Amino acid sequence: MNPWDATHPVPIEKAKEKIERAFPQLKPVQVEPCGTGFDHTVYEVNQEWVFRFPRRQLGYEAMEIERRMLISLEALAFDGGYDYPKAVFFRESEGEDYPYVGFTHIKGHVLTEASDTDLLHQEAARIGQFLKKLHALPANYVDADPDHLLRLSTKLRKKHFYKIAEEAGSVIPQALYEKLENYIIDLNEWENPEGSVPVHGDLHPKNMIVQQGVLTGLIDWGDAHIGHPAIDLSIGYACMTADVREILFDAYGGVDERTRELARFKAAFVMTVLLRYSKDTDDKDVLRWALAGLEKSLE
């Protein structure tokens, strides 16, 4: 079975039926496909809402994390300069189906659909300012857990990193693959660093929304947690060249060498995961961005 296949598929007809039954105030419900992520099937409803249905267990867990985090951001009246979804509708599980959530709709399209893989260069300062504000939120007022997954531990993830690279190898040009292989071989093994700030947790091109060539919002907060800033600062390596990256870091308020090392690792790891995903799903858009991102991460 393809690891990206749904164990709990929700086709459009079923989604319409479930939403109309649970939320009659939305009738007549007009449902349009809005994309499929790693863990969710997503539909636009009445051109105003986005409903996310978990496709598998990891999706359900991520949806709960996301809902808690977004409720916290709204309660804190967080405004970092980019839009983020607001959780408005929630439906408990029905039978063997997972619960699902309806969010406000951030207009635009996913960043990976843009042809220019340098598009975020113009956003470097704004992203740095956004992350500075997000990471400054009082962690004790944010409903999020610590980093139980140890996302930045190379001691835990190095072997897995190499395996993912091998599995994605057929879509990676030879020169770039050799560069990636050498990076992994030379990667020191360290424990997960301590972290104490609220983070998005999964900041990459599939989770960013653009409209008319401008970044407008950040979606998919299902990996949000209380962790290390490098988790989010990795976007500087994944989507920016070295000179532009410095603009982001300056806007953030300065980034030490250790945090840079951690952020580079996170970026290279995530871009390699996206390359494996693009190979398995034949997603050419993700492939284009992931190749560009891996190149930037390793430069």
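Residue numbers (the working numbering): 1 to 299. Think of the CB as a built atom: it goes at the ideal place given N, C-alpha and C, for glycine as much as any other residue. None of these values were measured; they are calculated from a predicted model.
Distance between residue j and residue i (C-alpha atoms, nearest Å)
i      : j      : result
Leu111 : Ile219 : 11 Å
Gly222 : Trp289 : 21 Å
Glu181 : Ser170 : 14 Å
Glu92  : Ser153 : 35 Å
Gly195 : His204 : 20 Å
Ala301 : Leu26  : Because residue 301 is not part of the residues shown, which for the chain are 1 to 299, the question remains open.
Phe53  : Pro85  : 15 Å
Glu113 : Asp285 : 6 Å
Leu275 : Leu291 : 7 Å
Lys18  : Phe51  : 11 Å
Cβ-based neighbour list, residue i, same chain, cut-off 8 Å, excluding 5 preceding and 5 following
i      : result
Lys158 : Ile184, Leu187 and Glu189
Ala139 : Ser196, Val197, Pro198 and Ile226
Distance between beta carbons of residue j and residue i, contact taken as under 8 Å
i      : j      : result
Ala263 : Leu294 : Not a contact, Cβ separation roughly 14 Å.
Glu20  : Val10  : With 8 Å as the limit, Glu20 and Val10 do not qualify as a contact, their Cβ atoms being about 14 Å apart.
Lys179 : Met240 : Not confirmed; about 18 Å, so no contact.
Gly217 : Gly201 : 16 Å between Cβ atoms; not a contact.
Ala251 : Gly128 : 3 Å
His340 : Pro229 : Limits of the chain in this structure are 1 at one end and 299 at the other, which puts residue 340 out of reach.
Arg151 : Lys266 : 7 Å
Ala87  : Ala144 : That pair is no contact at about 14 Å.
Spatial neighbours of residue i in its chain, beta-carbon cut-off 7 Å, leaving aside the 5 residues before and after
i      : result
Lys155 : Glu189, Trp190 and Glu191
Gly236 : Arg245, Leu248, Phe249 and Ala263
Asn207 : Leu218, Ile219 and Asp220
Ala242 : Glu299
Arg126 : Gly81
Phe23  : Phe89
Glu74  : Lys86
Cutoff 8 Å: residue i Cβ touching any chain C Cβ
i      : result
Leu137 : This model lacks chain C altogether, as it is built from one protein chain only.
6 Å Cβ shell around residue i - same chain, five flanking residues per side excluded
i      : result
Phe161 : Ile184 and Phe269
Trp49  : Gly102 and His105
Glu13  : none
Ala62  : Asp39 and Gly222
Val142 : Ser72 and Pro198
Terminal residues of the beta strand (DSSP E) in which residue i lies
i     : result
Glu44 : His40 to Val45
Ala87 : Ala87 to Arg91
task = Answer yes if the region 59 to 73 comes into contact with the region 115 to 127, meaning at least three C-beta pairs across the two stretches below 8 Å, and no otherwise.
result = no
message = With three or more beta-carbon pairs closer than 8 Å as the criterion, would you say the region 160 to 171 touches the region 87 to 99?
response = no
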